[in-house]
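Working notes, beginning with the structure itself.
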Amino acid sequence: PGRPQVEQHGAAAPLLEPLSATYQAVVLQDRAEVLVAAGMPVEAEVVLERAAKAYGSRGLRLRQADVELILARTIAARDPEQAAAVARRAESRFRRRGNEVWAVRAAAVELSARIEGPRPVREAVPRADELAAALHAARLPNDAALMRGSAVPDFRFHAPRRRTPSSTFRRSPPTRCAA
Numbered sequence: 065p066g067r068p069q070v071e072q073h074g075a076a077a078p079l080l081e082p083l084s085a086t087y088q089a090v091v092l093q094d095r096a097e098v099l100v101a102a103g104m105p106v107e108a109e110v111v112l113e114r115a116a117k118a119y120g121s122r123g124l125r126l127r128q129a130d131v132e133l134i135l136a137r138t139i140a141a142r143d144p145e146q147a148a149a150v151a152r153r154a155e156s157r158f159r160r161r162g163n164e165v166w167a168v169r170a171a172a173v174e175l176s177a178r179i180e181g182p183r184p185v186r187e188a189v190p191r192a193d194e195l196a197a198a199l200h201a202a203r204l205p206n207d208a209a210l211m212r213g214s215a216v217p218d219f220r221f222h223a224p225r226r227r228t229p230s231s232t233f234r235r236s237p238p239t240r241c242a243a
């Protein structure tokens, strides 16, 4: 369903890309976002990496950080450790540019990715609460709610399971149909 959209979007690329590296980066970012929206995250990943490099080559660090944040969100389910590393880079770029709100958003993506990763994150709940409070203060209540919720799996998957006594399960005798 998403392929015609992606193909239509690509029609402008040959006209804009040769104009400058900045246009090329913009075209790549737009294409990647269309790919993500079309349900093609693997294809989007490669394009996002190229867009981040193109912005970086022009010294456009905020745009580079924006793309890195999109990339981190895109790859989080497939490769949480890589997503956490990319989100940390984005956070660093946002902080160096004085964009504290987006730095906190990147930190939230990084923590969420680490929580989804293979190793338990001990400080997940306090850090999630801290980031959620910062997101809420920045008037991003949806991001804050997602951050609070992302720490829950840390307990669910790593807590010892309680056994339920078999006596609590009552079974009815099978019903027989009369012929």
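The sequence shown begins at 65 in my numbering and counts up by one.
Even glycine gets a Cβ: it sits at the ideal position worked out from N, Cα and C.
As the structure is a prediction and not an experimental result, all values here were calculated from the model.
DSSP three-state call for residue i: helix, strand or coil?
i, result
"GLY162", "coil"
"GLU187", "coil"
"ALA140", "coil"
"PRO182", "coil"
"LEU204", "coil"
"LEU124", "coil"
Can you tell me the Cα-Cα spacing of residue i and residue j, whole angstroms?
i, j, result
"ARG125", "GLN88", "15 Å"
"ALA192", "ASP94", "31 Å"
"LEU135", "ALA148", "10 Å"
"TRP166", "ALA101", "22 Å"
"SER121", "LEU199", "31 Å"
"VAL90", "ARG203", "28 Å"
Anyone know if the C-beta pair for residue i and residue j falls short of 8 Å?
i, j, result
"ALA153", "GLU132", "It is worth fixing the name first, because residue 153 is Arg in this sequence and not Ala. Yes, the pair counts as a contact, with Cβ atoms nearer than the cut-off."
"ALA170", "ALA151", "yes"
"GLN128", "ARG160", "no"
"GLU174", "GLU155", "yes"
"ALA96", "ALA115", "yes"
Under the assumption that residue i contacts residue j (Cβ atoms under 8 Å), give the Cβ distance between them as a whole number of angstroms.
i, j, result
"VAL185", "ARG178", "5 Å"
"ALA118", "ALA85", "6 Å"
"VAL111", "LEU92", "5 Å"
"LEU195", "VAL168", "6 Å"
Within the same chain, show all residues whose beta-carbon is closer than 6 Å to that of residue i, passing over the 5 residues directly before and after it, in chain order.
i, result
"SER176", "SER214"
Grab me the residues of residue i's own chain with a C-beta within less than 7 Å of its C-beta, minus the 5 sequence neighbours each way, in chain order.
i, result
"THR138", "VAL100, PRO105, ALA108, GLU109 and LEU112"
"GLN146", "ILE139"
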